[in-house]
Amino acid sequence: MVLILTGFTLIALIDLIPLIRQHAKSGIAAFSIVFITALTLAILQINKVEVPSVLILLGDALKALGISY
59 MVLILTGFTL
69 IALIDLIPLI
79 RQHAKSGIAA
89 FSIVFITALT
99 LAILQINKVE
109 VPSVLILLGD
119 ALKALGISY
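If you read the sequence shown in this note's numbering, its first letter stands for residue 59, the second for the next number, and so on.
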């Protein structure tokens with residue numbers, strides 16, 4: 059788990075600091091959403107929590123909206 063957190067910290071330092079310096083609010087928001095999602099999924103997988111496929115969930119959501127193939 060320490061290795062995952064170290065890796066994510068390095069990614070945040072390398073990618074987030076330039077966005078903060080440029081005051082790119084939309085870039086910071088997009089990075090944060092993707093970063094937090096990836097970190098959460100990584101931590102869940104390390105703890106052996108079974109995570110359902112995102113595509114299955116997306117397919118179910120689209121069917122509920124009446125959009126399917």
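Backbone N, C-alpha and C define an ideal beta-carbon position, used for all residues, glycine too.
Integer-rounded CB distance, given that residue j should sit under 8 Å from residue i
i: I94; j: M59; result: Wrong, their Cβ atoms sit about 17 Å apart, outside the cutoff.
i: V109; j: L102; result: 5 Å
i: F89; j: L97; result: Wrong, their Cβ atoms sit about 12 Å apart, outside the cutoff.
Helix, strand or coil at residue i [DSSP, three-state]
i: P110; result: coil
i: A82; result: coil
i: L123; result: coil
Inter-residue spacing [alpha-carbon to alpha-carbon] between residue i and residue j
i: A122; j: S111; result: 17 Å
i: G85; j: I62; result: 23 Å
i: A100; j: A87; result: 20 Å
i: L213; j: S126; result: The structure shown does not extend to residue 213, since the chain spans only 59 to 127, so no value can be given for it.
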